[in-house]
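Single-structure report; data block below.
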Amino acid sequence: MLVGAALSLACFTPRPLRAADEAESPAAEEDLQVVITDARRPEKDNQSVTRVGVVPRIEAKRRGAQNVGEAVSGELGSEVNPSAYGSLGRPGAAQIGGLDRDRVLVLEDGERVVGDFGGAVDLSKLSLSGVSRIEIVGGPMSALYGTSAIGGVINVISAAPEVEGFSGRLQLEGRHRWGGQALGELAYREGPGWVAAESSFYGSTGVVLAPPDTTIPDLYRVDAGLRAGFELGHGHELGARIKYAHEGARGVDGQEVPGLGTFLVDLPDSTDRFSVRLRDRHV
């Protein structure tokens, strides 16, 4: 009898059921993420032609992540292993599908990150406080981004500081063999406007190895950046970013190329990089 009553209700009251379906449809659409990385334009994740992993800032902090590197390492197919880059100062560079360094492209708001060292971008320097979400695309993306994206793409979408007023962080770290790292960030937000400054330093002494092994060179790296934004209303934000990176190394490094053997690279004394960006984006 209960089954018959249920069937009867479904047959003779079709309009309320359709109305309920229509009411649930907008809610379902609101749950969809809007992704950019795989097509270089905003689109819903269920319309994406490739699998895009999205890590919102709230989810990353719920997992206990303190920076972008720790947030990425918790995703399927992605790994952050600083010990694999000991000669480069143990940066928190990402590996996707076993590929790393110059085969995994790291972007900030769709722009190539300034400040990589030996092809490795240190994701541990990027604080989650200025991040809205992280998009991770595994697999070849060279058609859109070139050969540096054969392994995949990581796109860090920035955001305004979380809290009103002043906020900041400071991290000091000492390492064996007379090395050290310092990270600092200071931000201020009031109403629709905000500004954030960040800087980092890393330095380590070299290690002399017995021939035929090469000497691990002396390394030092300085990064500085300034970001600012103002919400114009109607979901638009006008923003600006200035970044500077200075890195230096003394010595000779060995790089092994599959199928070709080991090559000796005479490292440059210093390299300077500078970038400026203005944007108007929908938030």
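In terms of my numbering, the sequence shown opens at residue 357 and continues consecutively. Just so it is clear, CB atoms sit at the ideal spot from N, CA and C, and this is done for glycine as well.
Item, Value
"Expressed to the nearest angstrom, what Euclidean distance is found between the alpha-carbon atoms of V551 and G617?", "48 Å"
"Should I492 be labelled buried (16 or more other beta-carbon atoms within 10 Å of its own) or exposed?", "buried"
"Cβ of A476 within 7 Å of Cβ of P447?", "yes"
"Evaluate P517 with the Cβ neighbour count: other Cβ atoms within 10 Å of its Cβ, from every protein chain shown; 16 or more gives buried, anything less gives exposed.", "buried"
"Is it the case that the stretch 536 to 550 contacts the stretch 507 to 515, given that we only count it when at least three CB pairs across the two stretches are under 8 Å?", "no"
"Taking DSSP's pairing of strands, which residues face H592 in a bridge?", "G589, H638"
"Would you mind sorting E603 into buried or exposed? The rule is 16 or more other CB atoms within 10 Å of its CB.", "buried"
"Where does the unbroken beta strand (DSSP E) through S488 begin, and where does it stop?", "487 to 494"
"Confirm, please, whether the CB-CB distance from Y600 to A584 is below 7 Å.", "no"
"Would you tell me roughly how many angstroms separate the C-alpha atoms of G466 and G530, rounded to the nearest one?", "33 Å"
"Taking G591 and H638 to be in contact with their CB atoms under 8 Å, please state how far apart those CB atoms are, rounded to whole angstroms.", "5 Å"
"Please go through the stretch 524 to 555 and give each complete alpha helix (DSSP H) segment of 4 or more residues, from N-terminal end onward.", "none"
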